[in-house]
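*Asks:* Just passing along the structure, written as structure tokens.
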Amino acid sequence: NNISPMMFRAVCGNLIPYFELKFDNFNEENEPILEIIKGPKNKFIDQEIRIFLANNGFYNVKIKSSKSSYR
């Protein structure tokens, strides 16, 4: 199983549930993350996201900004 049991973290006084995913059985033809779409208010620059991805073994991920608003 590649998904952990539900875990929690505290953010600004709220408990946020999350799952840890294992990405240990992939290669260039079978990458688990193909694309990231940033939300309209996302403040990360693409290079920061690319560095994070590369540090975790993901090198060929497309990064796009959403064309939609939250309205």
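In the working numbering, the protein residues as written are 160 to 230. We put the CB at the ideal spot given by N, CA and C, even for glycine. Note that the structure is predicted; figures quoted are calculated from it, not measured.
1) Where do the ends of the beta strand (DSSP E) carrying residue 195 lie?
2) I'd like the ranges of any beta strand (DSSP E) spanning at least 3 consecutive residues and lying wholly in the segment 184-227.
3) Do you know offhand how far residue 166's Cα is from residue 201's?
4) Please name the residue in 179, 220 and 226 whose C-alpha comes closest to that of residue 205.
5) Which residues does DSSP list as the beta-bridge partners of residue 167?
6) Work out the CA separation of residue 186 and residue 222 for me, nearest whole Å.
*Replies:* So, from the listed chains and residues:
1) 194-197
2) 194-197 and 221-224
3) Near 24 angstroms, if we compare the C-alpha coordinates of residue 201 and residue 166.
4) 220
5) DSSP output for residue 167 lists 176 as bridge partner(s).
6) 19 angstroms
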